[in-house]
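Notes follow the structure.
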Amino acid sequence: AQRVTQPEKLLSVFKGAPVELKCNYSYSGSPELFWYVQYSRQRLQLLLRHISRESIKGFTADLNKGETSFHLKKPFAQEEDSAMYYCALSKNRDDKIIFGKGTRLHILP
Amino acid sequence: NAGVTQTPKFRILKIGQSMTLQCTQDMNHNYMYWYRQDPGMGLKLIYYSVGAGITDKGEVPNGYNVSRSTTEDFPLRLELAAPSQTSVYFCASSQLGQGGYGYTFGSGTRLTVV
Numbered sequence: 107a108q109r110v111t112q113p114e115k116l117l118s119v120f121k122g123a124p125v126e127l128k129c130n131y132s133y134s135g136s137p138e139l140f141w142y143v144q145y146s147r148q149r150l151q152l153l154l155r156h157i158s159r160e161s162i163k164g165f166t167a168d169l170n171k172g173e174t175s176f177h178l179k180k181p182f183a184q185e186e187d188s189a190m191y192y193c194a195l196s197k198n199r200d201d202k203i204i205f206g207k208g209t210r211l212h213i214l215p
Numbered sequence: 255n256a257g258v259t260q261t262p263k264f265r266i267l268k269i270g271q272s273m274t275l276q277c278t279q280d281m282n283h284n285y286m287y288w289y290r291q292d293p294g295m296g297l298k299l300i301y302y303s304v305g306a307g308i309t310d311k312g313e314v315p316n317g318y319n320v321s322r323s324t325t326e327d328f329p330l331r332l333e334l335a336a337p338s339q340t341s342v343y344f345c346a347s348s349q350l351g352q353g354g355y356g357y358t359f360g361s362g363t364r365l366t367v368v
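Read top to bottom, the protein sequences are chains A and B. First residue of the first sequence: 107, per the numbering used here; consecutive thereafter. First residue of the second sequence: 255, per the numbering used here; consecutive thereafter.
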């Protein structure tokens, strides 16, 4: 069965420092991968998808099939990046999404 | 442009009571989902539906029931509330399975069972 692992429950980073939120997955096929974000008192929202290869709010994520990872990165953290981040996986575009347990990102002033 | 609407936003139930969490979407999405979010546990899928009249169990369906009589609505029913069902419940919808576009989430219902 597929699984998504986010090893860090909490990550504290100083403003202006680089951010990397780790995500590893287990699935033998070619999954579709996502990062979702939940800001305080807001609903979960899609941050980015690996298939679009986009950069959203300065964040990027590269799929590494060899390491089965999909880490989320940003070169310079901003205070408004403080939120809960969930890595998620789907076997294919017709299947449901499995979420990791989430990492709380706290940006220190 | 409402998207996914959940009601109520908050509810306190006594053990053994029942209630229905409402979810409606106006995007004509075929796929709808119910997740529960517990601290440190991420989101667990309770039930999902791939279209009107079709529902299926997710990871944690025990203690819950769903129905999907229309494309727009996907209510979640708790028949005999238990403290273990204290959680934040999220409804979501998607155009295809997730269609490569991911889900649109509702704002959540915070349920406390005492």
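Glycine included, C-beta positions come from ideal geometry on N, C-alpha and C. Predicted model only: the values in this text are computed from it and were never measured.
Identify which residue in the options has its Cα closest to the Cα of residue i.
i, options, result
"B:Q291", "B:V342, B:Q260 and B:Y357", "B:V342"
"A:P137", "A:R199, A:G208 and A:K180", "A:R199"
"B:Y301", "B:S347, B:R364, B:V368 and B:T366", "B:S347"
"B:S272", "B:G317, B:Q279 and B:Y289", "B:G317"
"B:Q276", "B:K268, B:Y287 and B:I269", "B:Y287"
"A:T174", "A:K207, A:R159, A:G135 and A:L117", "A:G135"
"B:R364", "B:V258, B:E326 and B:L267", "B:L267"
"B:P214", "B:F264, B:M295, B:G257 and B:L330", "It is not possible to answer for residue 214 of chain B, since the shown part of chain B is limited to 255 through 368."
"B:M265", "B:P337, B:N282, B:D327 and B:Y357", "One point to set straight first is that residue 265 of chain B is Arg, not Met, in the sequence displayed. The candidate whose alpha carbon is nearest that of B:R265 is B:P337."
"A:W141", "A:K171, A:G208, A:L116 and A:E114", "A:G208"
"B:C308", "B:L297, B:R322 and B:M295", "Just to set this straight, residue 308 of chain B is Ile in the shown sequence, not Cys. Nearest C-alpha to B:I308: B:R322."
"B:A335", "B:F328, B:Q349 and B:V367", "B:V367"
"A:N130", "A:P113, A:A123, A:V119 and A:S146", "A:P113"
"A:S146", "A:M190, A:F205 and A:K197", "A:M190"
Please look up how many angstroms separate the CB atoms of residue i and residue j, rounded, as I've assumed it's under 8 Å.
i, j, result
"B:G305", "B:N284", "5 Å"
"B:G362", "B:Q260", "6 Å"
"A:L195", "A:V110", "5 Å"
"B:E313", "B:L332", "That pair is no contact at about 17 Å."
"B:F344", "B:G356", "With a Cβ gap of about 13 Å, B:F344 and B:G356 do not count as contacting."
Please list the terminal residues of the continuous beta strand (DSSP E) segment that includes residue i.
i, result
"B:D310", "I308 to K311"
"A:C129", "Per DSSP, A:C129 belongs to no beta strand (DSSP E) and is neither H nor E."
"A:S175", "No beta strand (DSSP E) holds A:S175; DSSP gives it neither H nor E."
"B:L365", "T363 to V367"
"B:I266", "F264 to L267"
"B:E326", "No beta strand (DSSP E) holds B:E326; DSSP gives it neither H nor E."
"A:Q151", "Q151 to R155"
"A:L169", "Here A:L169 belongs to no beta strand (DSSP E), and DSSP marks it neither H nor E."
By DSSP's criteria, residue i is part of a beta bridge. Which residues make up the other side?
i, result
"A:T209", "A:Y191"
"B:S348", "B:Y285"
"B:Y318", "B:L332"
"B:T259", "B:T278"
"A:G122", "A:G122 is not bridged to any residue."
"B:R290", "B:K298 and B:Y343"
"A:R109", "A:S132"
"A:Y142", "A:L152 and A:Y192"
Quick one, which residues of the region 293-311 of chain B are near chain A if we go by CB-CB under 7 Å, in chain order?
G294, M295, G296, L297, L299 and Y302
Taking a Cβ distance cut-off of 7 Å, strictly less, list which residues of the region 169-194 of chain A are near chain B, in chain order.
Y192
The region 267-293 of chain B: which residues have C-beta closer than 7 Å to a C-beta of chain A, in chain order?
Y287
In the region 120-148 of chain A, which residues sit with their C-beta less than 7 Å from some C-beta in chain B, listed in chain order?
E138 and F140
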